[in-house]
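Engineer: Read top to bottom, the protein sequences are chains A and B.
In terms of this note's numbering, the first sequence opens at residue 1 and continues consecutively.
In terms of this note's numbering, the second sequence opens at residue 431 and continues consecutively.
Yeah, the Cβ is synthetic: ideal placement off N, Cα and C, and Gly gets one too.
This one's a predicted model, so the numbers in the text were calculated from it and none came from an experiment.
Number of protein chains: 2
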Amino acid sequence: MQTFTKDLAHHVGETITIKGWLYNKRSSGPIIFLELRDGSGWVQAVAVKDKVSAEIWKNVEAVTQESSVIVTGLVSNHPKKENIFEIQLTDFAVIQLAHDYPIAKKDHGPDFLMENRHLWLRSKNQWAILRMRDAIITAINEYLHSEQFIKVDAPIFTPNACEGTSTLFAVPYFDLGSAYLSQSGQLYIEAAIASVGRCYDFGPVFRAEKSKTKRHLTEFWMMDAEAAFVEHDQNLAIQEGLVRHIVRHCLAHCQEELTILERDVEKLKKADAPFTRYTYDQAIEKLHELGSDIKHGEDLGNDDEGLLTKDSLVPVFIEKWPKEIKPFYMKLDITDPRRALNDDLIATDGGGELIGGSQREENVDILVERIKKEGLNQADYEWYLDLRRYGAVPHSGFGIGLERAVRWITGVEHIRECIPFPRTIGRLKP
Amino acid sequence: MQTFTKDLAHHVGETITIKGWLYNKRSSGPIIFLELRDGSGWVQAVAVKDKVSAEIWKNVEAVTQESSVIVTGLVSNHPKKENIFEIQLTDFAVIQLAHDYPIAKKDHGPDFLMENRHLWLRSKNQWAILRMRDAIITAINEYLHSEQFIKVDAPIFTPNACEGTSTLFAVPYFDLGSAYLSQSGQLYIEAAIASVGRCYDFGPVFRAEKSKTKRHLTEFWMMDAEAAFVEHDQNLAIQEGLVRHIVRHCLAHCQEELTILERDVEKLKKADAPFTRYTYDQAIEKLHELGSDIKHGEDLGNDDEGLLTKDSLVPVFIEKWPKEIKPFYMKLDITDPRRALNDDLIATDGGGELIGGSQREENVDILVERIKKEGLNQADYEWYLDLRRYGAVPHSGFGIGLERAVRWITGVEHIRECIPFPRTIGRLKP
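1. To the nearest angstrom, how far is the alpha carbon of L22 of chain A from that of V316 of chain A?
2. Straight-line CA distance for T588 of chain B to E289 of chain A?
3. Please classify K326 of chain A as buried or exposed, where buried requires at least 16 neighbouring CB atoms within 10 angstroms.
4. State the DSSP-derived secondary structure class of A658 of chain B, mapped to helix, strand or coil.
5. Starting from N342 of chain A and walking both ways along the beta strand (DSSP E), at which residues does that stretch end?
6. Please confirm whether N571 of chain B has its beta-carbon closer than 8 angstroms to some beta-carbon of chain A.
7. Can you name the residues of chain B whose CB is closer than 9 angstroms to the CB of W383 of chain A?
8. In chain A, what lies closer than 9 angstroms to V442 of chain B by C-beta?
9. Are Q96 of chain A and S68 of chain A touching if we call contact CB-CB under 8 angstroms?
10. Between the Cα of L36 of chain A and those of A:A9, A:T64 and A:V12, spot the shortest distance and give me the residue it belongs to.
11. By the DSSP assignment, the beta strand (DSSP E) with S146 of chain A in it spans what residues?
12. Going by C-alpha distance, which of A:E226, A:K49, A:I16 and A:G241 is nearest G29 of chain A?
13. Compare the Cα-Cα distances from G291 of chain A to each of A:D303, A:G411, A:D380 and A:Y384 and report the closest residue.
14. Counting contacts by CB-CB distance shorter than 8 angstroms, is A621 of chain B in contact with chain A?
15. Judging by CA-CA distance, which residue of A:D349, A:T335, A:R339 and A:N342 is the nearest neighbour of E305 of chain A?
16. CA-CA distance, Y143 of chain A and D711 of chain B?
17. To the nearest angstrom, how far is it from the Cα of V626 of chain B to the Cα of L130 of chain A?
18. Please confirm if the region 626-637 of chain B is in contact with the region 760-770 of chain B, defined as three or more CB-CB distances below 8 angstroms between the two stretches.
19. Are the beta-carbon atoms belonging to P422 of chain A and L121 of chain A less than 8 angstroms from one another?
20. May I ask you to list, following chain order, the residues of the region 209-234 of chain A that have a beta carbon less than 7 angstroms from some beta carbon of chain B?
21. Given that a residue counts as buried once 16 or more other Cβ atoms are within 10 Å of its Cβ, and exposed if not, what is K331 of chain A?
22. Verify the CB distance criterion: does G39 of chain A have a CB-CB separation below 8 angstroms to chain B?
23. At which residues does the beta strand (DSSP E) containing Q378 of chain A begin and terminate?
24. Which residues mark the beginning and the end of the alpha helix (DSSP H) in which A624 of chain B is found?
25. Taking the beta carbon of H395 of chain A as the centre, do at least 16 other beta carbons fall within 10 Å, making it buried, or is it exposed?
26. Compare the C-alpha of V794 of chain B against each of B:L743, B:N489 and B:F758 and name the closest.
27. Could you pull the start and end residues of the beta strand (DSSP E) that Y278 of chain A belongs to?
28. What is the rounded straight-line gap between the Cα of E792 of chain B and the Cα of A822 of chain B?
29. Tell whether a beta-carbon distance below 8 angstroms holds between V490 of chain B and F522 of chain B.
30. Tell me where the beta strand (DSSP E) around V69 of chain A begins and ends.
31. Which partner residues does Y180 of chain A have in the DSSP bridge list?
32. So, does the region 644-663 of chain B touch the region 608-619 of chain B, judging by three or more C-beta pairs under 8 angstroms?
33. Mind checking whether T167 of chain A and R207 of chain A have CB atoms under 8 angstroms apart?
34. Looking at C-alpha atoms only, which residue of B:C848, B:T435, B:K859 and B:A439 is the closest neighbour of K644 of chain B?
35. So does the region 9-22 of chain A actually touch the region 67-81 of chain A, counting three or more Cβ pairs closer than 8 angstroms?
36. Taking the continuous alpha helix (DSSP H) assigned at T689 of chain B, which residues delimit it?
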């Protein structure tokens with residue numbers, strides 16, 4: 001019978017068995033302290049020479065880092081720390097003795113760690129990130145269902161190189177030429193809302209960008225949500241609700257992980273308040289005040305995003321961007337048709353852009369005109385135009401990059417740690 | 431303010447507004463019955479000529495199938511049917527009038543429907559399938575979390591053509607040669623269990639098979655689960671628990687959808703009982719009794735699966751297959767090393783294979799030997815062998831094909847209806 005370390009609070013005074021791995025060991029004469037991990041958490045087992053058989057003591061002395069072990073003992077409260085438990089070891093078995101585990105306590109370079117990603121995942125920080133990534137996924141699924149969205153998976157193989165081929169991965173596809181790997185499911189879930197009202201996809205997307213930054217991956221996970229009869233303001237309200245639910249869920253369920261990662265929890269708590277909302281014009285004005293040389297009409301770079309949010313306790317919406325730098329499917333603001341009814345949401349603490357969203361153009365004639373103006377091939381979009389020919393409705397949606405969200409909530413610097421097996425321009429292994 | 435049709439039970443006697451689409455219309459002199467859908471469900475609105483303005487009546491008369499509409503009216507109980515509600519129409523607006531919606535009531539061929547998949551999704555059956563697919567996804571996430579599994583996403587881009595290239599899609603990947611699109615995340619989540627104990631991936635996988643059957647797609651969704659310290663019998667128990675949770679969840683939450691799809695709910699209810707368990711040897715013996723000419727040592731075909739389960743009320747495990755027809759990573763049965771500690775789970779009602787699982791070989795020497803025997807390149811598996819060098823533990827896992835599960839639970843015949851935008855050897859659009 002296996003007990004999980006995360007459940008030890010319910011077993012104080014009982015003898016239980018933990019199955020896991022040795023993370024660390026230190027000894028103090030006739031006492032050896034074993035730091036164990038079992039996937040659900042971490043616990044210290046205390047072996048006292050006088051209290052165990054000679055054979056058990058020999059095995060405890062011999063056990064090495066990352067060996068797999070079965071530890072039986074009495075659960076007790078930690079002598080000094082509240083809500084921390086210890087195991088007074090009474091039985092001990094090594095399943096497999098590990099020799100020369102390659103990841104030592106000393107610092108390794110990122111290339112070495114990435115080459116050994118299959119082992120690096122076991123380190124305390126990586127464990128905490130994996131668990132928080134799962135918590136964020138759960139929070140997203142929960143919130144969207146509570147708002148009547150259902151999951152409708154968009155395809156990965158797409159037929160047209162809709163927005164230019166330079167950042168698309170192409171795959172030979174039987175006798176049909178090339179398939180392109182999806183960069184967003186948006187157009188597909190726009191079709192699905194006319195069936196189910198509100199829906200989202202949540203899966204991997206692919207970008208053949210030759211960027212080498214702390215914020216780029218070639219394969220990453222994206223959640224796209226889309227809702228019929230939702231207009232710009234309500235779209236922002238849904239996005240804000242989602243982000244605040246993620247923050248609350250993680251604060252409620254990931255205390256241990258946040259502590260391991262040394263995330264400033266007070267900052268996260270403060271982010272759970274009404275978000276700031278700037279128009280693009282206001283944002284540019286504020287950036288100029290802050291010393292940026294950004295020109296009106298330009299996209300915001302990382303530096304601008306950082307500057308604009310550096311003193312903000314809450315994420316910042318930037319809405320209503322110039323239509324020239326936004327895609328054809330965004331609806332324009334009826335009160336100022338030079339502006340799109342869109343938004344970017346910028347995280348606090350240097351987290352950068354979390355979300356991009358917009359209300360979509362639902363008028364078929366305007367959409368055809370914009371497709372032509374952008375030099376796109378109308379034939380590729382006939383099915384998408386059908387959605388406006390048969391029962392067009394006002395609708396809006398947005399996309400959130402999962403790894404961006406994980407990076408912000410965990411406070412981890414590099415996005416390659418925010419996905420279990422990162423793929424970048426120079427990395428396809430393990 | 432928008433009310434969803436699924437919530438009408440809470441609004442009887444109130445005047446509410448539904449936003450959606452016209453699905454069907456019939457008239458009886460001065461009364462017009464509008465069948466509406468809003469994504470959350472279906473409702474009939476009744477317009478009576480004497481009780482509305484001339485303009486409203488004109489609009490109701492003119493509205494066409496799949497036009498988008500806003501309907502306001504009083505919610506009442508259906509005169510004859512319990513738990514069905516009607517709306518006595520008081521106000522009506524057409525958002526966009528649809529002309530000549532291509533999918534008529536008459537039968538269309540599958541090619542036409544697939545070409546118009548973006549519109550076909552709106553039909554009642556397709557709506558029900560989309561919603562049940564979402565319910566099944568939710569049930570899987572719920573059950574696995576309740577059993578301490580967390581979601582750890584495996585990569586789609588993989589470096590080696592591990593199991594031969596014939597059914598793999600290859601993608602040119604920067605300067606690193608080809609990447610291959612994943613067919614299973616199993617090996618990766620085997621690495622992750624040494625960090626988190628129990629985990630699963632759930633995402634698209636790709637198979638460049640030239641099969642054209644009712645059960646094959648080139649892109650489909652797979653859930654792979656893996657657990658440390660779980661051996662063969664417990665692996666089967668987890669699989670059975672998962673499938674029974676899916677069945678119960680759908681019975682509890684998808685009554686309307688099951689009714690639309692004319693699924694025999696009594697049969698599903700009966701499947702929620704302890705599953706049958708045959709060894710491969712017993713299964714072959716039974717198949718011979720039933721008249722099959724399958725030879726001992728062969729894989730079961732669709733016909734054999736159907737024959738074996740045709741009188742079974744519950745899904746059937748077939749365990750302990752000949753090692754020769756199973757992959758190198760499966761652990762062999764210590765009591766009979768000609769057999770693998772694996773299982774296939776066959777659904778009832780012709781649903782076919784739902785799950786494949788096994789205990790994994792954790793001994794590095796045995797694994798190396800089997801890799802060599804199968805003519806695989808050991809260098810490609812060094813990282814996978816590391817998992818046995820550093821803290822090997824007994825462990826097991828399984829994979830469930832999402833569309834297979836949707837097909838079984840919904841009772842739909844063709845798997846192409848079980849995914850929103852199917853991709854097959856001949857189809858890459860829309």
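Structural biologist: By the coordinates alone:
1. Numbered from 1 along the first sequence, position 22 holds the residue referred to as residue 22 of chain A. Numbered from 1 along the first sequence, position 316 holds the residue referred to as residue 316 of chain A. Distance from the CA atom of L22 of chain A to the CA atom of V316 of chain A, rounded to whole angstroms, is 44 angstroms.
2. Counting from one through the second sequence, the residue named residue 588 of chain B turns up at place 158. Counting from one through the first sequence, the residue named residue 289 of chain A turns up at place 289. Distance between the alpha carbons of T588 of chain B and E289 of chain A: 48 angstroms.
3. Residue 326 of chain A sits at position 326 when you count from the first residue of the first sequence. Counting Cβ neighbours within 10 Å, K326 of chain A comes out buried, since at least 16 surround it.
4. As a working note, residue 658 of chain B is residue 228 in the second sequence. Strand, per DSSP.
5. Working through the first sequence from its first residue, we reach residue 342 of chain A at position 342. Start and end: N342 to I346.
6. Along the second sequence, one-based indexing puts residue 571 of chain B at 141. Taking Cβ atoms only, chain A reaches closer than 8 angstroms to N571 of chain B, which makes this a yes.
7. On the first sequence, position 383 is the one that residue 383 of chain A refers to. Residues of chain B passing the Cβ test: E545, N546, R547, H548, L549, K859 and P860.
8. For the purposes of this step, residue 442 of chain B is taken as residue 12 along the second sequence, with counting starting at 1. In chain order: nothing, as chain A lies at least about 20 angstroms away.
9. Numbered from 1 along the first sequence, position 96 holds the residue referred to as residue 96 of chain A. Numbered from 1 along the first sequence, position 68 holds the residue referred to as residue 68 of chain A. In contact: Q96 of chain A and S68 of chain A (Cβ atoms closer than 8 angstroms).
10. The residue given as residue 36 of chain A occupies position 36 in the first sequence. Of the candidates A:A9, A:T64 and A:V12, the residue whose Cα lies closest to the Cα of L36 of chain A is A:T64.
11. The sequence position of residue 146 of chain A within the first sequence is 146, counting from 1. Where S146 of chain A is concerned, there is no enclosing beta strand (DSSP E), although the alpha helix (DSSP H) it sits in stretches over K124 to S146.
12. Here the question's residue 29 of chain A lines up with position 29 in the first sequence. If we check each option's Cα against that of G29 of chain A, A:K49 comes out closest.
13. As a position in the first sequence, residue 291 of chain A is number 291, starting the count at 1. Ranking A:D303, A:G411, A:D380 and A:Y384 by Cα distance to G291 of chain A puts A:D303 first.
14. For the purposes of this step, residue 621 of chain B is identified with residue 191 of the second sequence, where counting begins at 1. With 8 angstroms as the cut-off, A621 of chain B counts as an interface residue toward chain A.
15. Mapped onto the first sequence, residue 305 of chain A falls at position 305. Checked all of A:D349, A:T335, A:R339 and A:N342; the closest Cα to E305 of chain A is A:D349.
16. Locating residue 143 of chain A in the first sequence gives position 143, counting from the first residue. Locating residue 711 of chain B in the second sequence gives position 281, counting from the first residue. Each residue's Cα considered, the two are about 48 angstroms apart.
17. Working through the second sequence from its first residue, we reach residue 626 of chain B at position 196. Working through the first sequence from its first residue, we reach residue 130 of chain A at position 130. Cα to Cα, the separation comes out at about 8 angstroms.
18. no
19. Within the first sequence, the letter at position 422 stands for residue 422 of chain A. Within the first sequence, the letter at position 121 stands for residue 121 of chain A. For P422 of chain A and L121 of chain A, no; Cβs fall outside 8 angstroms.
20. E219, W221, A228 and F229
21. Here residue 331 of chain A refers to the residue found at position 331 when the first sequence is read from its first residue. By the neighbour-count rule (16 or more Cβ atoms within 10 Å), K331 of chain A is buried.
22. What you label residue 39 of chain A is simply residue 39 of the first sequence in a count that begins at 1. For G39 of chain A, the nearest CB of chain B lies under 8 angstroms from its own CB, placing it at the interface with that chain.
23. As a working note, residue 378 of chain A is residue 378 in the first sequence. Looking at the DSSP string, Q378 of chain A is not in any beta strand (DSSP E), and its letter there is neither H nor E.
24. Against the second sequence, residue 624 of chain B aligns to sequence position 194. Q616 to V626 is the extent of the alpha helix (DSSP H) around A624 of chain B.
25. Here residue 395 of chain A corresponds to residue number 395 of the first sequence, with the count starting at 1. Per the 10 Å Cβ criterion, buried.
26. Within the second sequence, residue 794 of chain B is the residue found at index 364, counting from 1. Ranked by Cα distance from V794 of chain B, the options B:L743, B:N489 and B:F758 are led by B:F758.
27. To locate residue 278 of chain A, count along the first sequence from 1; it is residue 278. Where Y278 of chain A is concerned, the enclosing beta strand (DSSP E) stretches over T276 to T279.
28. Numbered from 1 along the second sequence, position 362 holds the residue referred to as residue 792 of chain B. Numbered from 1 along the second sequence, position 392 holds the residue referred to as residue 822 of chain B. Using only the alpha carbons, I get a separation of about 6 angstroms.
29. The residue you call residue 490 of chain B lines up with position 60 of the second sequence. The residue you call residue 522 of chain B lines up with position 92 of the second sequence. Result yes, Cβ atoms of V490 of chain B and F522 of chain B sit closer than 8 angstroms.
30. As a first step, residue 69 of chain A must be located in the first sequence, where it is residue number 69. From DSSP, the beta strand (DSSP E) with V69 of chain A extends over S68 to N77.
31. Reading the first sequence from its first residue, position 180 is the one you call residue 180 of chain A. A:T158 and A:A170, per the DSSP bridge assignment.
32. yes
33. Along the first sequence, read from residue 1 onward, the residue named residue 167 of chain A stands at position 167. Along the first sequence, read from residue 1 onward, the residue named residue 207 of chain A stands at position 207. In this structure, R207 of chain A lies closer than 8 angstroms to T167 of chain A by Cβ.
34. Taking the first residue of the second sequence as position 1, residue 644 of chain B is located at position 214. The shortest Cα separation from K644 of chain B among B:C848, B:T435, B:K859 and B:A439 belongs to B:C848.
35. A contact is defined here as three or more CB-CB pairs under 8 angstroms, and the region 9-22 of chain A meets this definition with respect to the region 67-81 of chain A.
36. Numbered from its first residue, the second sequence carries residue 689 of chain B at position 259. From DSSP, the alpha helix (DSSP H) with T689 of chain B extends over Q685 to I690.
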